[in-house]
Structures are given as structure tokens and as C-alpha cells.
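Sequential numbering from 847 applies to the sequence shown in my numbering.
Presented below is the structure to which this report refers.
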Amino acid sequence: MPTIAQIAAQVRHLITEVQAEEVDEARRTPDAPRIVDVREQNEWDAGHIPGAELIPLGTVAQVAAERLPKKDERIVLHCAAGVRSAVATYQLQQLGYTNVSSMAGGFSAWRELGLPIEAPLTGAQLERYSRHLLIPEVGIGGQQTLLRSKVLMVGAGGLGSPAAYYLAAAGVGTLGIVDSDVVDATNLQRQILHSSERIGEPKVESAKRTLEALNPDVRIVGYRERLEASNIDRIIADYDVIVDGADNFPTRYLLNDASVKWRKPVVHGSIYRFEGQVTVFKPFEGPCYRCLFHEPPPPELAPSCAEAGVLGVLPGVIGTIQANEAIKLLLGIGEPLIGRYLLFDALDATFREVKLRRDPKCPVCGENPTITEYIDYEGFCASPADWRAQHEPSVATPAD
Ligand code: ZN
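As C-alpha cells, this is what we get:
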């Protein structure tokens, strides 16, 4: 079988060739030709002529009628060096196209002349995200979506650190981090986001340094403040997805109420001793946190402020599952944990899942909401995991 180059040599005298400069001039005129790139997707992804369209050589004959319906339209075909486009031009001529030509020297000639090139990702990005690009569900389009996406991390501690680390590595373009704490000596997760041993440095500063060094595509926006009724609208308005690594009730309830108001999905995670939980609260598509627990516990019943014990690797497991859920939500792929409460038992090494349903009587997302303004709960600092442990039966009983 003859090679493409041999076929091109045979048909070259039967077709018209145009120079890259002519094509560049013509594309700026009102009757610009259609520029069709007959290279492969990966070549296109690495850079192409602005305004061109991709029809790989192998598909030209099949899709011509649909993609190029006007046979007298002026069409310029190009490939990398002018070989494949010579063949494609001949093919179209045989199909009855009357005004087709092939760009001599192809994209190489175009590039050498310094003519404009459009690239969805830079060379460094193609390399950095090469493993994502190989997955059809992500690909160039998905990676561009991630680079445009904004995720807010509430808390830069145990759950927030691994989640932020993987989201940054995945190329989520903007990561907001809310944390009012400073790096302390007892924080195990210091090793992920706060490894520079600068005890006393604000966590958001240390996270910013680590994550921007990890991936220069990522912009870190630090909020060294505690989420409150007065600032939450300003902070969350801009984000697509919120990852909740909060370690206290006031923040968790406030975040829930604001996320319902703004219809922002929250990837919720919590940890307690050897058990971790993850779910996605997507307003009005699944339950919210208040559908499960209408009110925080009264201060007199709240457990002490002492930190609950947690197995060191558990936040890593749960935080990375949260990052995974966030990426799925951003890309619109897979089955997110909406209405599904995923429980991981580190001792048994088992996952189980509990179905969660919306509560029509929910005070924020129910039929007759009774909470219509933000509430700054005060007076206790118990972690949600502590409280959840005390209320275990209300959550762990399968609803179906
Ligand atoms: Zn609700």
C-alpha cells in the first residue's frame, strides 16, 4: 500500500497550493476562506491557526458532506507540513469541491513565519496535565474547565490540606482558602501544606506558598478570617464548589445556610477517631446539612473543646475523597455523593454508604423555610464529629 507521502507526490500536480502568508492575509478579509486543519487531535491541541477547524485526514471523506456542505466554498486545508493536506485536498476535489487548496509547508511554515497560533494549553501545561488529557472524560476541554474553576476550601487543616494539595495539582485555577489559624507544632497536616516549619505563620500564607510552588497555574486566594454572617456572602459568591473542612459547628451551619442561599454545592467531610465521612450537599438536588441536623446542639450539651482524637492518615483519606468529589462536580462527570453519606472505617478498611433524603421540614431548604437570615452561633466549640458521634443513630440508620 502506498504511503501518504507517495499519494501526495502523485496528486500534488492536480491540486492548488497556497502559501501560509496568503492564507494569513485572506483570513483577515470579509470573505475569509474556511481553514480546515487535517492533523490529529493531539497536534491540534498543541497549537493551531486561530479560527481553523479540525477534521483529521482519516475522517475527511466521511464527514465532508456534513461539515463542509457548500461545495463551491473557498476552503484551505492544512496539516503539519503539507503532505496530508495535499491528499485531503485531492479527496475533496474528487468529491466535487471546486474551490479547495492546500497550504504549502503546513503548520510548520505558519509557525516559522511567526503567524498567530492559538493553543488551549501551553506546552508546560500539556506536560503537566498529560495524564488528565489521556482520559476522555477530562481531555483538553475538561482541563480548561478545571483551570477556569474556582474552589473554596473552608479550613486549611486536616481535611483542607490534602484536598487543596490535590486540587492544586489537578489544575483547579483558583483556590480560595479560609482559615484564621496559624501553623502550630501539633498539626500533623503541617507536613502537607505547612512543611516549612514556620510555626506561627498564618495557615493561609503557608498554604499559598506551598500550593503556588506546586503548580504555578493555580492562584491561591487566602482569607485569614473566620466565616461569619457579615463576611460569608462576600467570600463564597465567587466560587463554583465549596470544600468543607471546618472543625466547628458555627462555621458548618453558617456555610450550609449560605450555600443553600447561593445554590453552591458543598463537599462535606468529617473525621472522628478511626472513621471518616464524606457527602455532597447540593442545594435542592439533595439534602443540606440542616436536613440532617436542624439545629446545632445547645451549648450546655456540646462536648468539650478538647480536640477529638483522630488517626493521622484519616484526614488524608477523607480529604482526597473530597477533592475527587469537587473535581467530579466541576467537570460534571460521574455520580457525585449527593444524598449519599459515605462512611470509611479505617480499622475494618471498609466503606459503607447511607442514603440521605431531603427533609421537607428543613428550616432552610424545606417547603417553608424558617431560617431566612444567617445565624452566628456562639458559645461552644465542639467539632461536628463529636456531635455526630453522640447522634450516631440518627445518621447511621439507613433511610431506605
Ligand atoms: Zn435542607
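Using N, Cα and C, we set each Cβ at its ideal position, and we do this for glycine too.
As the structure is a computational prediction, the values presented were derived from the model and not from experiment.
For this session: Please report the Cβ distance between H924 and M949, rounded to the nearest whole angstrom; I am assuming they are in contact, meaning their Cβ atoms lie under 8 angstroms.
Result: 4 angstroms
For this session: With a 10 Å radius around its C-beta and 16 neighbouring C-beta atoms as the bar for buried, classify N1094 as buried or exposed.
Result: buried
Problem set entry | Span separating the alpha-carbon of W890 from that of L900 | 7 angstroms
For this session: Flag this pair as yes or no: are the beta carbons of V1126 and E1171 separated by less than 9 angstroms?
Result: yes
Problem set entry | Sequence-distant residues of its chain with Cβ nearer than 8 angstroms to L1176 (five each side left out) | T991, L992, S995, V997, V1018, D1086, V1087
For this session: May I have the straight-line CA-CA distance separating E1141 from D1205, to the nearest angstrom?
Result: Distance between the alpha carbons of E1141 and D1205 is about 13 angstroms.
Exercise. Could you check where the beta strand (DSSP E) with D1090 kicks off and where it finishes?
Worked result: 1087-1090
Exercise. So which residues put a beta carbon under 5 angstroms from any heavy atom of the ligand ZN, going in chain order?
Worked result: In chain order, the residues positioned with their C-beta nearer than 5 angstroms to some heavy atom of the ligand ZN are C1134, R1136, C1137, C1208, C1211.
Problem set entry | Three CB pairs or more closer than 8 angstroms across the region 1185-1197 and the region 1109-1127 | yes
Problem set entry | Beta-carbon spacing of D1025, L1100 below 9 angstroms | no
Exercise. Thinking just about the alpha-carbon of each residue, which of A1016, R1044, A1092, S947 is nearest to the one in V1028?
Worked result: It is R1044.
Exercise. Where do the N-terminal and C-terminal ends of the beta strand (DSSP E) with H924 fall, by residue?
Worked result: Note, H924: beta strand (DSSP E), 921-924.
Problem set entry | Length of the line joining the Cα atoms of V857 and F953 | 20 angstroms
Exercise. Are there 16 or more other CB atoms within 10 angstroms of the CB of A866, so buried, or fewer, so exposed?
Worked result: Per the 10 Å Cβ criterion, buried.
Exercise. Do you know whose CA, among R974, P1008, P962, A1015, lies nearest G1158's CA?
Worked result: P1008
Exercise. Along the chain, where does the alpha helix (DSSP H) that runs through Y1135 open and close?
Worked result: 1135-1138
Problem set entry | Q865 (DSSP reduced to helix, strand or coil) | In this structure, Q865 counts as coil in the three-state DSSP scheme.
Exercise. For P896, which option in D1079, I1184, I981, A872 has the closest C-alpha, if you only look at C-alpha atoms?
Worked result: A872
For this session: Check the DSSP bridge columns for K996 and list the partner residues they point to.
Result: T1020
Exercise. Can you tell me whether DSSP reads T1196 as helix, strand or coil?
Worked result: strand
For this session: Would you list the residues sitting across from M949 in a DSSP beta bridge?
Result: V864
Exercise. Taking Cβ positions, are G928 and G960 nearer each other than 9 angstroms?
Worked result: no
Exercise. If you drop the 5 nearest sequence neighbours on each side, which residues of the same chain put their C-beta closer than 6 angstroms to that of G1006?
Worked result: M999, G1091
For this session: Output the distance between the C-alpha atoms of L914 and V984, rounded to the nearest integer angstrom.
Result: A straight line joining the alpha-carbon of L914 with that of V984 spans about 28 angstroms.
Exercise. For Y1069, which residues does DSSP report across the bridge?
Worked result: V1024
For this session: Count the other C-beta atoms from every protein chain shown that fall within 10 angstroms of the C-beta of Q940, then say buried if there are 16 or more, exposed otherwise.
Result: exposed
Exercise. If L1060 sits next to Y936, beta carbons under 8 angstroms apart, how far is it from one beta carbon to the other, in whole angstroms?
Worked result: That belief does not hold up - the Cβ atoms of L1060 and Y936 are roughly 50 angstroms apart, past 8 angstroms.
For this session: Starting from the C-beta of V1050, find all residues in its chain whose C-beta is less than 7 angstroms away, skip the five residues before and the five after it, and write them out in chain order.
Result: Same-chain partners within the cutoff: A1002, I1023, D1025, G1068, Y1069, R1070.
Exercise. Around the Cβ of I1081, are there at least 16 other Cβ atoms within 10 angstroms (buried) or fewer (exposed)?
Worked result: buried
For this session: Determine the contact status of I921 and P876, defining contact as a CB-CB distance below 9 angstroms.
Result: No, these two residues do not count as a Cβ contact at 9 angstroms.
Problem set entry | DSSP state of A1152 mapped onto helix, strand, coil | Reliability fails at A1152, whose pLDDT of 47 lies under 50, so the model's placement of it is uncertain and the value that follows must be treated cautiously. It is coil, neither helix nor strand.
For this session: Please state if the CB of L1202 and the CB of G1115 are separated by a distance shorter than 9 angstroms.
Result: no
Problem set entry | Continuous beta strand (DSSP E) stretch holding T1125: start and end | 1121-1127
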